[in-house]
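Those protein sequences? They're chains A and B, same order as listed.
Under this note's numbering, read the first sequence as residues 18 to 129, first letter to last.
Under this note's numbering, read the second sequence as residues 6 to 114, first letter to last.
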Amino acid sequence: NAGVTQTPKFRVLKTGQSMTLLCAQDMNHEYMYWYRQDPGMGLRLIHYSVGEGTTAKGEVPDGYNVSRLKKQNFLLGLESAAPSQTSVYFCASSDRTGVEQYFGPGTRLTVT
Amino acid sequence: LAKTTQPISMDSYEGQEVNITCSHNNIATNDYITWYQQFPSQGPRFIIQGYKTKVTNEVASLFIPADRKSSTLSLPRVSLSDTAVYYCLVGDNFNKFYFGSGTKLNVKP
Chain A
18 NAGVTQTPKF RVLKTGQSMT LLCAQDMNHE YMYWYRQDPG MGLRLIHYSV
68 GEGTTAKGEV PDGYNVSRLK KQNFLLGLES AAPSQTSVYF CASSDRTGVE
118 QYFGPGTRLT VT
Chain B
6 LAKTTQPISM DSYEGQEVNI TCSHNNIATN DYITWYQQFP SQGPRFIIQG
56 YKTKVTNEVA SLFIPADRKS STLSLPRVSL SDTAVYYCLV GDNFNKFYFG
106 SGTKLNVKP
């Protein structure tokens, strides 16, 4: 049981470039989430999904898009990266209560 | 988002009991109180959740007074491996959770 995995672990982008972060979970969870964590700060919810084919905006959705074509995968896209998007990105999944979320190891993204 | 207030940091020694208090004056009737732990370079990990009075599991205890405007996470006999950031969250739904900056616990030998 791998739990929640994230790809890639590290990435450096130049301003204006695009990329997609992949999150996969093998726990058959309905809910999945993308968070960002800036240095010394807590996590902020970017987007979430309550089931295959559904997505919704969280607290800080601007500049990001997401897709959930398969139940086990949740993709986070940056169409035109900006330095303000330099952060650590965490994916998580949970059952329908949403209380106990299982987090991935994170992706450290730097935008220069 | 329901805001919470926690101490920025705390120091402790191995073997001591550590109590971290969280204030949540505007907690709503349906809100639960949830605590997460985060080690450096890792995602947060669920510790415990409660609604009122006391909840205990194999890792920690959570004390919630009758007015529910605060809560205390109690870690018995901490070890060096308990050095982490601890987040208090309040809400009845995941999209109401506010992680805040958490409490950085430093356990010394």
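Where is the CB? At the ideal position from N, CA and C, for every residue including glycine.
Bear in mind the structure is a predicted one, so any value in this text is a computation, not a measurement.
The straight-line gap separating the alpha-carbon atoms of P25(A) and L93(A) is approximately 12 Å. Annotated as proximal: Y48(A) and R113(A), with beta-carbon spacing under 8 Å. For Q42(B), the enclosing beta strand (DSSP E) starts and ends at 37-43. Here the stretch 9-17 of chain B does not lie against the stretch 98-118 of chain A, with fewer than 3 beta-carbon pairs under 8 Å apart. Residue-level contact by beta carbon fails for Y91(B) and chain A, as no gap is shorter than 8 Å. Secondary structure at N24(B): strand, using DSSP grouped into helix, strand and coil. N100(B) has its alpha-carbon roughly 10 Å from the corresponding atom of Y50(A). For P81(B), the CB contacts under 6 Å within the same chain, skipping 5 residues up- and downstream, are E22 in chain order.
Following the DSSP letters along the chain, one finds N82(A) inside the beta strand (DSSP E) bounded by residues 82-84. The closest CA to that of V90(B), considering only S35(A), G59(A), S101(A), is found on G59(A). For G55(B), same chain residues with a beta-carbon under 6 Å away, outside a window of 5 residues either side, are I38, L67, I69 in chain order. Our two residues, N62(B) and R28(A), have alpha carbons roughly 38 Å apart in a direct line. Taking 8 Å as the cut-off, the beta carbon of L85(B) is found no closer than this to the beta carbon of Y41(B). Annotation: P56(A) has no Cβ neighbours in chain B at a cutoff of 8 Å; minimum Cβ distance is about 11 Å. Distance from S17(B) to V112(B) at the Cβ level is roughly 5 Å; contact confirmed, criterion being Cβ atoms closer than 8 Å. Separation of the CB atoms of V105(A) and Q54(A) is rounded to 5 Å, and the pair is thereby assigned contact status at 8 Å.
Here N31(B) is not bridged, per DSSP, to any residue.
Taking C-beta atoms as the reference points, P122(A) and Q43(B) fail to come closer than 8 Å.
Judged by beta-carbon spacing, V128(A) lies within the 8 Å limit of T103(A), meaning their Cβ atoms are closer than that value.
According to the DSSP secondary-structure assignment, T37(A) is paired through a beta bridge with G94(A).
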